[in-house]
Structure formats: C-alpha cells, structure tokens
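Residue numbers (full-length UniProt numbering), protein chains in the order written: chain A, 1 to 408; chain B, 1 to 408; chain C, 1 to 408; chain D, 1 to 408. Note that CB positions come from ideal geometry on N, CA and C, so glycine has one too.
Below you can see the structure in the form of structure tokens.
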C-alpha cells in the first residue's frame, strides 16, 4: 500500500485546491482520508487541510501525486529535491521533473530556491555551487548539469483567485462571438492603460490579418503612443505592413478600395526587394524609403521586434530570424519583463508565446475563430482571455476606447 | 438523335452565357455545333449565337436544355408554354417547371406574360382568362389551376454583369475574414445611402446576437434615422431587445459590464411576461412600459416587422407568428418592395429570406462564420455579398460610416 | 444587514457545491461565516456545512440566494413555498420562481412535492387541492393558477458527480476537433448499447446535413435495429431523405457520385409533390411509393417523429407541424421517457431539445463547428457532451462501433 | 493612346480565356475590338481570336496586359524577353516579371526556353550562355544574374479544362461540410490508386491533429503499403507520433481511452529526450527503441521526410530542420517529382507546400475548418480540392476505400 500525506494551505476551497485534489484522487482511483481541515470562517481567512492519500497501485499513486502537486498540494514530509546529472547534451534522466507555468520553488540544502523565468514543459537545473535553480528547455541542457527528478522538494504555487470582483478576469469564460464586443474591448483598454500608467510592458503578437484587414495604421499608432512596447510577428506581417506603406496594398488588395490590384501579388515581393536593396528595415527607415506603418514605428520608437521565420515565407526580409530555435530564444528573452500579451490572429506565434510566458502575465487572445482559441487552451495556456471577433474592427475599437480613457 | 437549336443574345461572352452553355453541353456529355456567332466588336456592342445541341440520350438531352435555359439560352423555335391542370390541392403535374430567382416570362397565346414576384423553387400558374402568370409556392396551388410544365415557352433573363466597375459588386468573391473590414462596410453604407436617397427600402434580417453583442441601440438608431425600413426576426431578437430595454441585460448578461447577472436567465421570461401583461409590443409602447430599443423604434416609426416563431422559443411574445407558413407568407408580402436585404447573424431567417427574394435585390450577409455564408450560397442565393466579421463591431462601424456620409 | 443561514449536504466539496457557494458569495460582494463543516473523511462519506451569508445590500443578498440555491444550497430555516395567483392568462407575478433543469421539490403544507418533467426557464404551478406541483412554460399558465414566487420552500438537487471514473463523462470537456474521434464514438456506442439493453429510449435530433453527407441509409438502419427510437427533425431532413429515396439525390446532389444533377433543385419539390399526392408519408409508404430511408423506417418501426416547421421550408410535407408552439409541445411529450438525446448538425432543433430535457438525460451534440457546440452550452445545456466532427463520417463509424459491440 | 494586339488560341471560350480577357479589359476600364474570332464549331475543335486592346492611361494599359497574359493571352507581335542584371545579391530590377504556377516559356534569341520547376511569386533568371531559363525565389538571386523584366517574350499556359467529365475535378467547388463525405473520399482514393499504379508519387503534408485524432496507425500503414511516398510535417507531428508509439498518448491524451493521462504533457518531452539519447529517429529505429508509427515507417520504407522547425517547437527532435529557409529548400527539392499532394490539418505547412508546387500537381486539402481552406485559395492555390471533414475519420475512411479498390 502506497501512502503519503499532503498539506494544502491558502484559499483552498474557493481557489479549488482542495476540490481538485480530492477529485484527482477519486478520478485516478486512489483513496483519501481527510485528517485535518481548518476552514477560514470569514472570507479573508485562510484555510488548511491535511489529507492522507493511499493506493495499492504504484503507477496510480504516482500519477495522483504528480497531478495534485501541480494544483498546489505539498507532500507533508518535507523532502529535499533529488538531482541527477545529465549524461549527454540535450538529454535528461528519464524521471525528470516537467515544469508548469506557475511560480515554483525547489528545496535544496534546506533552502527554498525560487525559479525565475518559469515556463511550462521545461526542466529544472540546479547550480549547487551558486545555490541557483533555473528553468531550461530540454535542448539547452548540457552534459553534467544537475537536473531535478521526481517531485520531492518541488513546490508549485498556483495563482489564487482574487478576492472580490476582478474586472479583467470576468471574461475568463468560454470563448464566444455572442458577447458584448465593445464592453469586452473597453475592459482590455482599461487594463492596458493601467499597465502603461504603472510603467509596465505590453507585447503584441500579430499575424498578417492585422494588415490585410486594414489595421496597419492603428497598430502603428498604438506603438507611437506607447501602448505597445514590443512586437512578435513573422515575415508576413512585416512584409505586408511594408507593402502597405509603399504601395497601399496588402497581398495585392488595395486597402482603401478593397479591390485586388492587377498583378498585386507582385507587390509583396517588391516590398522585400526594396528592403533587401536598403539592407534592412532600419536602413530603409534611415534612408527615408519606409516612412510609415508598424515596422516604421518600431524603428522610430525603439520598440523591439522579433520576426520569426517560417517555411511559408517569401523572401524573407533581412530582419527575419530564419532559425526557429534562435527566434524562440529571442522571444524568451523579450518576454521576461512583459506584463501583458495581446495575441492577434496568429495561432503559430500565439502558441509559441503562450508556451513561453509564466502564468502571471495577463494574456488576451483575439481571433475570429472559436477553434483557434480552443486550441490555445487545449495546449495549456488556460489563463488566456479569449475574444472571438474580427481583427479589422477589434483594433480600431480598442484605439477608440484608449482615446476615451485618455480624455477622462 | 435528339436535336434543338438555341439562340443566345446580349453580352453573351463576358456575361458568361455562351461559355456556360458550351460548358454544360460538354459536361453533360452532349454535342454542339456553333451555327452562327456574331460577336460585338466593341465593348458596348451586343453579341448573338445560334448553337445546335444534339444527344442520343433523351435524359441527357433534357438535362442540357433544362440547365442552359436557366442561363438565358432560348430554344430557337418559338413555342408556346404548356399547361396542365393541377389534379389536387397542393400538387402539380410531375413535369412541372421549377422557377429560378431571375426575371422570367412565359409565352401564352402569342403573348409574353411577365411573372412578377419571381421566387426560386416555385411553380408558375397561368390565369388564361385574365392573361396573367403568377409564381406560386407548391402548397398554395389549388386543384384546377393551370401549371406550366416542361420548358417550352419559358424565357429566363439572368442578370447581366454591369459594364465598368460596379462598386457594390466588387466584393462578390469568396467570403473571408482577411479583408479590409472598414472598406467593405464603407461600401455597404454608400449603397444604403443611395437607396435611401432614391426612396428605396431596406430590410434587416437579424438574429439575437445583434442584441447579445450590444448593438440594440445602434440598430434602433438606424430605424429611427430611416436607414432600416423593416425588420425580419424571431422571438429571440425581439425578446432580448425588450429584456435589454427593461433590465439592461441580454440573456442575463449585463450589456454595460459584460457580466452574467445572477438568475439573469429569468430576465427574458420576465420581459415576455411584461409584454403578455400589456397585451402586445405596441400596447407596451403605448402604455409607456417599453421606451427604447429596436422593437420600440419599429412601433414609433411604423416600420413593419415580421417575428417568425420557432421551436426553440420561450414564450413567445404575443407578436410572434407561431405558424411558420403564415410567417413565411408575411415575409413574402413585405419583401416585394424591398431593394436591399441585410442579413445579420441568423442562418435560419437569412436562408428563409434568401429563398423569397428575386435576384435583383441587393443582399448582404454578415456573419462571423465562413461556413454560414457558404451555406447560403450552397442553397442558391449566389448573388449574396458576404462579410465575415463580428456583429458587435459591424453595426457600430456601419453607423459611423453612414454618419460620415451624411456629413459629406 | 440581511442575513440567512444555508445548509449544504452531500459530496459538497468534490461536487463543487461548497466551493461554488463560497465563490458566488464573494463574487457578488457578500460575506460569509462557516458555522459548521463536517467533511467526510473517506471518499464514500458525505459531508455537510452550515454557512451564514450576510450583506447590507438587499439586491446583492437576493442575487446570492438565487444563485446558491441553484447549486443545491438550501436555506436552513425551513419555509413553505409562497404562491400567488396568476392575474391573467399567459402571465405570472413579477417575482416568479424560474426553474433549472435539475430535480426540484417545493414544500407545501409541510410536504415536499416533487416536480416531474422539470424543464429550464419555466414556472412552477401548485395544484393545492390535489397536492401536485407542475413545471409549466409561461404561455400555458392560466389565470387563477397558483404560481411559486421567491425562492423559499424550493429545493434544487444538482447532479452529483459519479464516484470513480464514469466512462461516458470523461469527454465532458471543451469541444475540440483534435481528439481521438474513433475512441469518442466508441464510448457513445457503448452507452447506446447499454441504454438499449436496459430498454431505454434514444432520440436522434437531426438536421438535413445528415442526408446531404450521405448518411440516410445509416440512420435508417439504426432505426430498424432499434438503436434509435424517435426522430426530431424539420421539413428539410424529411424532404431530402424522401428525395434521396425517390431520386438518389439530396438537394440535387447525387449521393453516389457527389455531382450536382441538372435541375436537381427541383427534386426536393418533386418529393414533396409526391407525398402531397399520396396524402402523407405513411400513405406513401402504405401505397408502396416510399420504400426506403429514415422516414420509411420510422413508419415501418412505429418510431415516433416530430417534424417541426420553420420559415425556410419549401412545401412543407403534410406531416410537418407548421405551428412552432404545437411542435414544441409534441417534442415536450416525446422527450419524457427518453434516456439519451443525440443531436446532429442542427443548432435550431438541438437548442429546442436542450431547452426541454431534464439534466439527467444523457446528451450528445455532434457538429463540425466548435461555435455551434459553444452556443449550446452558452444557453444552459452544460451537461452536453460535444463531438466536433464531420457528420458524414460520424454516423458510419457509430454504426460500425455498434456492430462490433453486437459481435462481442 | 496605348494599343496592343492580343492573340488567343485553344479552347478559349469554355476554358474561359476569352471571357476572362474581355472581362479584365472592361473591369480595368480599357477598350477592345475583336478583330478576328474563329470558333470551333464542334466540341473537339480549337478556336482563336485576335483582340485589339486600347487605353489612354498607361498604368491601366499595363495592368490589363499583366493580367490577360496570365490567363494565356499572348501579345501578337512576337517580342523577345527583356533581361536586366541584378545589381546586388537577393535583389532584382524593380520591373521584374513575377511568376505564376502555370507552365511558362520565355523567348530568347528566337528560341522559346521552357521554365522547369515553375513556382509562383518567383523571378525568372536566364542563363544566356547555356540557353537555360530558371525560376528562382528572390533571396537566391545572385548579383549579375540576368533577370526577366516586363512581360514581353513571356508565355503562360494555363491549364485547359479537360473535355468531358473529369472525375477528380468534379469536387473543385466551394468547400462545404455538407457534401457526401464517403463519395468524395472514394474519388480521392481512386485518384491515389491510379497514381500509384502509374508509378507516381504522393506526398502527405500533415499537422499534429493527425496523431491527436488517433490516426498514426492509419497513416503509417499508408506509407507501408506505398500509397504515401513522402511526408512533410513539423516537429509536432513527428514528436506526437513517437510519443504515441512509446507511451500510447498524444500530447498526454491516451489514444485508446481518450483520457488525459496525469502529467501526460511530460510525455512529448520524454519522447524527444528518448530520441535525443539515441541520436536521431533513424538511430532510435535501428536500436529497436522506436518500433511503430509514421516516422518508423518512413525510416523502414525509405520514405523521405522533411520536418520543418517552427517557433512553437518543444525540443525539437534532432531530425527537425530548424532553419525555415533550409527546410523550404528541402521541400522544394522533394516536390519536383510529386504528382499529388494531400494536405491534412495544417495551415502552415499546406500554404508553404501550395506555394512551391506547379499547377499541374493534384492537390487535396483536408481540414475541419472552412476558413482554413478559404485561406489556401485566397493565397493563390486555386487548383486545390477542398474537403471539409474531421481528420480522425478522413484517414480511416480513405484507407478503407483504398482497400476496397485493391480487392476489385
């Protein structure tokens, strides 16, 4: 019979730590006994519980412990973290601990080491000499690094639900196009304004539909006005933005008239050709060739951008990082000081960004398709707030709401 | 060997009458010989062609004639229409002629009788005493009425493509969310303004998402300002509009805050209860109970509305026509003097309306789903202009564009 | 200061009654004190809690009570139900109690009266002479009937989560096309087999896509083999099924070749014409005119069907109930003895059915669109299991899985 | 006044060359005079036309010529191609000729040079010494290479519509889920069988949904049986396929039970770790570690695969080409001898492949979303046949149809 005692503390009932723990034990087919349960009598009080979990199937038992510790349950008997050295570059021991995107600590040498830059689906490497714990993607682990295995000595801190009504969280329900669009966008605008006022940083992750739907100018103005601090995109958004700035078209469609220009497909190749001639986007701006648009404003306002290459790229532009691992690493670096991520009309870049950000970062995902939004949450970015709407109207309305807030 | 000569006249090459005719003959496995072809040398000239079509398979031959006459080809030898009396109410002879939604004439007693109120998938009944031809749905045909059978003596006039660029038609391509939203809406607004200025009529066909997405006020103002002359909807749009006017919610979601009100689902039943107490929507307006919203403006501005019942209705409101055939007939009557139909977020009412309108009526279909728009055109309303966008932003932007046009 | 004591009993922690209750109080801005909490120590034990909820805002207070009683919390002080007579047909007092789709009882004259045939968004009428309580839609309430108002004396019993793994419930998560299709269908087949073996009843609610995608034969065979006991549909499914049986086409598309038959649109009108001549579907079967398909099997196997009319109907068939309220009432009657509802490719009929069924009925919703499935759950049918897949392959695979189960 | 004579030859009426040419001239605002028109009298005859196009606006005039030459119209006066040297690596002269995906020739030194490996949105480089013309993406053009500019001396040959009914093309209409699924898949199977029998090659381009929906085994068997010759995919398909082979899960969901395994997300990292330890997929197969699945069959059957990296990759596997331009070039090479492309549930890889293939390659695009399919054709791959269905049932039904064809 396998047996372990768990301790749960905090707002364990309404933040669902206790229900989820009991649920998991039952679903997996284990048994439990609640040994202690102190429930805060008032809504400001914290609660705690001690639960004994048992099973006669080791596999089941381990699954239960794996899962409940992700919800914030701790194994009562306070063990140290277990470390095994990597035997070969890019590999870890089989029993490696796989991270969540919640704040995590590991206990080593009687000290709880915090893990900064936590990211899901990574491993934890402990530098025992310097008493530091780091979250690392598998493929950068080096031979000889000490990797955390098992779950002993690892403590996960799930986000607590805020007490009282949290304006921004209200929308965190199932995605649907049948919700009051302007109200939702108003709340996103308010959150952006608050972050900006506090000196926080916002990154927009965008697909080419931003340009196709005629929103190059609007996004450009949000960068200029300091609401958007960084851009993550691909070759397509940048190319069509430049095509739009140079020729007034996006993939050959005239943005003003909505008509397909004859041989308009050629325009995006011409745009790349123009930047290739100048040498880079920055040089095109410096030489007075590129004078408006999203990429122009990035250059002018020193807003960092990561243009990640993909196999469907024409060109690509010289600024595009064609190696996907190098691009991912650049995104990882840029994401560290970010408070909010707004993902617009790109599943690829959104999932990539969602993989990289810790749970504390506020995330908004805007797409016209329910399915895209569902895919994001299927992949673990459950904290995402979803807006099912048309990009071509989302950005203009967002700008409008920000302007109204400015005036107040 | 079956053989018939066809005559084609008009802009038969660029309006595709000739290519489609040849195409059909080949696809169906028939043979043709072009006996004459006079092509207009200049773009303002008309052309004509005489084509002999042959096949040794009678079924194939008839299929070809059926199809090419729908594109505007006429059988050269000028026959009279063939009539057979209906043997029983709601039934027609097996070989009945099934209508398209294009202008159609039938030749009887050496006279071409025009068919007014043409509608697809109906039959033609000729009143030989009064020399009148009428388009009738199957289920209103009476025993003894003379029904057109076969295709002899029937002439269909497909819409010709306009010479030069037609602004409104530019968008008549495949639906996609990746088009410049504001540009498209601007053109719809322009068309609406032109129709209004000419004294034309516009009907909005709407689903409850119009209210759920917070657009009750906007649609109400379009009625007040005379841009929308009639409303086709169901119990849901009307109920939620009234719920919104009375309690500020739509299916229990507060439109201002976006939050689900506790027991908010009760609000729509309360709204119906309130109207039931008053007796009807009009009485609720007259008694000062209902003072804003879409239905209020319909009453105040004498804008006719048809509220068609469906099996998912709670209530329904006393104004709802619960019999679907009676409701369809009311829609048929109201559609006769209409110049433009704007269908928003309702597949059921849109398909119903699409079935009723002749091809000359300008149609706009707005939905967040590509699939909905595709379904409409799969069902024969090919002249529909599709906008894939979010309702919650479509109507505010449309209103905005109309205001800008007013100022010009 | 408003104050009330609540009692919660059962598996209140893992069935989420307690967490949801606390959550609601906090979200709405009330306060609570947990006066007693007895938690079952083992997973088979029941728990109970007494919670005092307070607020100084009456509106907030009432909202909290409204909501928590829906989750199964009871007001401790055991009051009798409050009744007010309806002042006018089709109307109820303003403060009427609006039903959920969970089992519900009302306390009258010291007796808990069960409400059979519970249905959401209705009212409760008590026949005090005969000590009976009934759930009624608003529009059938008669003047003078005694209607429950407020929430006193009303007890709602939410479904408890099953202990241990429930095969059928495993899928009750967010809809997604990225799930193992055959596995999901296998489990549905298993559930159907179990219900059939126990003598239970299954209704299929279907849209015309069932026929368009070529599944007429498969659904027909499921009726013949007793897996499907009843059909809810519209004119379209029945018409295209008959069109398919008579001409091999569905809306003019040949099901065997996938090609559009020339003038094929006429076929569905011919199908209606044929049935109109015979008098009804049954008469067409009796006269040997209709010899296969879904409707044929319904007649041959005495499987009840409800064909509900809608405004987009051509014809309609003589068997169609054109009045939506009459059709809804027929569906209400047929649904009473049903154990499982399988809703396929029809939002209209699915929402209508979802409105009528109590929470205990197992429901499966199959559609190719995430959005349709989301709409169903937005409207309160949260117990629905969703399958995002293609109809044209769902039914053949389902049949195949049932055959495999038969062989075992 | 700008003026040019065009010559059109072939099946110019029913293959739409003539109508499209006249249409373009009128839409762009030019004028035309038909100088000669010889129409084939019988359906096997070819036709020809000489048209004089005029405009007083140079820009309009050039647009017309650009567009009509893409449809197959040739400028009558037979000019030589114009060449300008590239001034800098990765750049071309501003007036460069941009390719279509149709067969194309250029006239140099009185000789028509064919361009092999034609691909859309590229440029043409002529090697005048060796009398060879090549199609090159912009970014591989070298300084000094002679690039075709303008449209003189370039001849495009659009695909002619096949005479008679072409089984495979019948479906080339708008995507819709409401089509007979099994019929469509049957025709795809027939086409695959024919290609296989002729020794042709088929590439499957797949997304991870192939594995998530439980189809790893089916796709693996298609490779083993020689129906699939090559695989284009990303890290995700390969990783989840290996995860499935090693642990029976795909992104942590057990394929047999449909349940989420506890800590299942870790499985795909474990799968990568396992391959990293082995060194590569091939080594894992050779060492007996990987013994089934799609990637296993690729190794065992020498089926080439291109795994293109993307920024959302965990790992990635050592076989993944992380540089997107290198991956694209590998795909370009592999696509040259391919006769059919089946793109399943991946927009990224499908668009990338669609960009690379000439129009003659038969293409099938399978996705559950209408919008994805629309996006493909918006981007120019108009020859794609679209199937809107569920992946999890498409592949099993396809395999079943192939087996039936084998038996015949």
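Assignment of residue 289(A) by DSSP, reduced to helix, strand and coil, places it in the coil class. In the DSSP assignment, residue 102(D) is bridged to no other residue. For residue 113(D), DSSP records a beta bridge to 106(D). Separation of residue 210(A) and residue 331(B) (C-alpha to C-alpha, rounded to the nearest whole angstrom) is 39 angstroms. If you draw a straight line from the Cα of residue 14(B) to the Cα of residue 33(B), it comes to about 20 angstroms.
Setting aside the 5 residues that flank it on each side, residue 229(C) is surrounded in the same chain by 201, 202, 203 and 303, each with a C-beta closer than 7 angstroms to its C-beta; the list follows chain order. Its chain contains 205 and 232 as the residues whose beta carbon lies nearer than 6 angstroms to that of residue 349(D), once the 5 sequence neighbours on both sides are disregarded; these appear in chain order. Cβ proximity to chain A below 7 angstroms picks out 370 and 371 from the segment 358 to 372 of chain C. Counting only runs of 3 or more residues that sit fully inside the segment 275 to 319 of chain D, the beta strand (DSSP E) segments are 305 to 308, in chain order. In terms of beta-carbon proximity, residue 183(C) lines the interface with chain D, with at least one pair separated by less than 8 angstroms.
Excluding five sequence positions before and after residue 298(A), the CB atoms of its chain that fall closer than 7 angstroms to its own CB belong to 223, 231 and 305, given in chain order. According to the DSSP assignment, residue 91(C) belongs to no beta strand (DSSP E), since it is labelled neither H nor E. In this structure, residue 72(A) places its C-beta atom within 8 angstroms of the C-beta atom of residue 156(A). Between the segment 144 to 153 of chain B and the segment 119 to 128 of chain B there are three or more C-beta pairs closer than 8 angstroms, enough to call the two in contact. In the DSSP assignment, residue 28(B) forms no beta bridge with any residue. Residue 146(D) is bridged by DSSP to 85(D) and 126(D). Inter-residue distance for residue 290(A) and residue 281(A) is about 8 angstroms (C-alpha atoms, whole angstroms). For a Cβ distance threshold of 7 angstroms, nothing in chain B lies close to residue 264(A): the least Cβ distance comes to about 13 angstroms.
In the structure shown, residue 51(C) adopts extended strand secondary structure according to DSSP, grouped into three states. Taking the CA atoms as reference points, residue 385(C) sits about 11 angstroms from residue 361(C).
Closest in alpha carbon position to residue 279(D), among 317(D), 333(D) and 132(D), is 317(D). Of all residues in the segment 246 to 274 of chain D, only 250, 251, 253, 254, 255, 256, 257, 258, 259 and 260 place a beta-carbon less than 9 angstroms from a beta-carbon of chain C. As far as DSSP is concerned, residue 394(D) takes part in no beta bridge. For residue 137(C), not one C-beta of chain D is nearer than 8 angstroms to its own C-beta. Using a C-beta cut-off of 8 angstroms, the segment 50 to 69 of chain C makes contact with the segment 7 to 24 of chain C, since at least three inter-stretch Cβ pairs fall below that distance. With at least 16 other beta carbons inside 10 angstroms of its own, residue 189(C) counts as buried.
If the five residues before and after residue 90(C) are omitted, its C-beta is found closer than 7 angstroms to the C-beta atoms of 138, 139 and 141, all from its own chain and listed in chain order. When secondary structure is reduced to three states using DSSP, residue 401(B) falls in the helix class. Each of 99(A), 108(A) and 242(A) was checked against the Cα of residue 118(A), and the nearest Cα belongs to 99(A). 8 angstroms or more divides the Cβ of residue 398(D) from the Cβ of residue 255(D). Residue 196(A): member of the alpha helix (DSSP H) spanning 181 to 197, first to last residue. In the three-state scheme derived from DSSP, where H, G and I count as helix and E and B as strand, residue 335(A) is classed as helix. Boundaries for residue 6(A): no alpha helix (DSSP H) harbours it, while the beta strand (DSSP E) harbouring it runs 2 to 10, taken from the DSSP string.
The beta-carbon of residue 238(A) is placed no less than 8 angstroms from the nearest beta-carbon of chain B. For residue 38(A), the pairing in a beta bridge is given by DSSP as 48(A).
Non-local beta-carbon contacts of residue 64(B) in its own chain, meaning distances under 8 angstroms to residues more than five positions away in sequence, involve 24, 25, 28, 30, 53 and 55 in chain order.
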